[in-house]
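As structure tokens, the structure follows; a few thoughts come after it.
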Amino acid sequence: MKTIIRVTLLLGSLSFLAPRAQGQYFGRNPVQYENFHFKILKTQHFDVYFYDKEAPAAAEAARMAERWYARISTVLRHQLSGRQPLILYSDHPDFEQTNVLGEQPGEGTGGVTESLKRRIILPMGASLAETDHVIGHELTHAFQYDITGVGRGSVAGGLNRVPLWFIEGMAEYMSLGPVDPNTTMWMRDAVRRGELPRFRDLESYKYFPYRWGQSFWAYLGGTYGDDIVGALLRAAGRTGNVQASLETMTHRPVDSLIADWHRALTEAAQPVAVATGVTLGLLLGRGTVLHRHVPRQRGERTHDPQARVRDAGSTPREHAVHQLHRCLERRRQPLRLRRRGDRQAGAAHRQRR
Ligand SMILES: [Zn+2]
Numbered sequence: 095m096k097t098i099i100r101v102t103l104l105l106g107s108l109s110f111l112a113p114r115a116q117g118q119y120f121g122r123n124p125v126q127y128e129n130f131h132f133k134i135l136k137t138q139h140f141d142v143y144f145y146d147k148e149a150p151a152a153a154e155a156a157r158m159a160e161r162w163y164a165r166i167s168t169v170l171r172h173q174l175s176g177r178q179p180l181i182l183y184s185d186h187p188d189f190e191q192t193n194v195l196g197e198q199p200g201e202g203t204g205g206v207t208e209s210l211k212r213r214i215i216l217p218m219g220a221s222l223a224e225t226d227h228v229i230g231h232e233l234t235h236a237f238q239y240d241i242t243g244v245g246r247g248s249v250a251g252g253l254n255r256v257p258l259w260f261i262e263g264m265a266e267y268m269s270l271g272p273v274d275p276n277t278t279m280w281m282r283d284a285v286r287r288g289e290l291p292r293f294r295d296l297e298s299y300k301y302f303p304y305r306w307g308q309s310f311w312a313y314l315g316g317t318y319g320d321d322i323v324g325a326l327l328r329a330a331g332r333t334g335n336v337q338a339s340l341e342t343m344t345h346r347p348v349d350s351l352i353a354d355w356h357r358a359l360t361e362a363a364q365p366v367a368v369a370t371g372v373t374l375g376l377l378l379g380r381g382t383v384l385h386r387h388v389p390r391q392r393g394e395r396t397h398d399p400q401a402r403v404r405d406a407g408s409t410p411r412e413h414a415v416h417q418l419h420r421c422l423e424r425r426r427q428p429l430r431l432r433r434r435g436d437r438q439a440g441a442a443h444r445q446r447r
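Just so we're on the same page, the numbering used here is the position in the sequence shown counted from 1, plus 94.
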């Protein structure tokens, strides 16, 4: 039987994931050079496994876990079947000796949830905030498994086929919420470069699923309400087809949703771009991205006849583009080149002009 292991990476590399065979091979068990004498702290919903030297932190973690349970069960409208195991290690070297997984977690792994027994295993983070985030993230995976039946061997097919951005982005959205400075920075940078993903691009290795997934889920939750999170999980968990589930639920083609999301990202990036005088990649029409920058000399005007024709239109996206043009024109200050990528983009633009 295969077990899915969801891993939270806090260091941002992109190795990992996907279903892994649980087979063990001689000589590949993790080295255990310490004996852990686990005790169990029972809370309303959790069996928290801990050992003596982490006892005070485990009590804190148990409180956090119950808080997350209340939030996630409310948003997803679901109560977990049975008690939820939460296995705590006091630090990362201890965590790397775990024998729960059948393999050694990597140094960048912040926590793991396995589907067979729905066990969450994690080391205490460097701060309470970090531990809190990882518990929220991993507990979301536990709900994903329980709601879709993964690990119980019945209807596991759907969730195994949905992309990473769907699974990990949801866990990030549930544990970090819609406003996160780190994700915002990623999105703003992508808007500036004009490199926003189409729907199918979200599955590409070029788009880190945690950040892009969180952003798209935040757009969906902000637009349709957070009930869409559980509803979409149930639908896509049955069929494995996120696009079909999304279109059925929102009554909109997915390209239209993506275009609106891009517009929202662009609008969010606009004030910072104006304040700092950086270039933005403007969205013109469906899926068309045009790099523009602030006019280089006083009195020089940007001129894009097609954009001006479009300005006469009245769709929200075109209105946003028009507003952005006006905003940039008002700045009338030299383009600031800060990094190599900026200089290349600037050179490419000058050639086009
Ligand atoms: Zn995860």
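Idealized CB from N, CA, C, for every residue including glycine.
Buried or exposed (CB count within 10 angstroms, at least 16 for buried), I215: buried
Tell me the DSSP bridge mates of V142? L135, L180
Specify the secondary structure class of E190 as computed by DSSP and reduced to three states. Three-state result, E190: coil.
Taking the alpha carbon of L233 as the reference point, which residue from S339, I166, S309, F310 has its own alpha carbon closest? I166
DSSP beta-bridge partners for P365? Paired residue(s): none; P365 is not in a bridge.
Bridge partners for I214 per DSSP, in chain order? L180, T207
Please state the DSSP three-state secondary structure of R282. R282 falls in the helix class under three-state DSSP.
Just to confirm before moving on: does the CB-CB distance between D240 and M158 stay below 8 Å? In this structure, M158 does not lie closer than 8 Å to D240 by Cβ.
Tell me which residues share the same chain as W259 and place their Cβ nearer than 6 Å to its Cβ, disregarding the 5 neighbours each side in the sequence. Around W259: L296, P303, W306, G307.
Assess, as a yes-or-no matter, whether the stretch 343-355 is touched by the stretch 306-323 under the definition of 3 or more beta carbon pairs within less than 8 Å. yes
Here's the rule I'm using: 16 or more other beta-carbon atoms within 10 Å means buried, otherwise exposed. How should D274 be labelled? With 16 or more other Cβ atoms from the protein chains shown falling within 10 Å of its own Cβ, D274 counts as buried.
Backbone CA spacing between N254 and H172 [nearest angstrom]: 20 Å
What span of residues does the alpha helix (DSSP H) with H227 cover, start to end? Its alpha helix (DSSP H) spans residues 222-242.
E262 beta carbon near ligand 1 (any heavy atom closer than 7 Å): True, at least one ligand heavy atom lies under 7 Å from that Cβ.
State the CB to CB distance for the pair R100 and I261, rounded to an integer number of angstroms; the pair is presumed to be in contact (CB under 8 Å). 7 Å
Would you call the stretch 216-224 in contact with the stretch 182-190, where contact means no fewer than 3 C-beta pairs closer than 8 Å? The stretch 216-224 is in contact with the stretch 182-190.
Report buried or exposed for G319, applying the criterion of at least 16 other Cβ atoms within 10 angstroms of its Cβ. exposed
What I want to know is whether the C-beta of R100 ends up closer than 7 Å to one or more non-hydrogen atoms of ligand 1. yes
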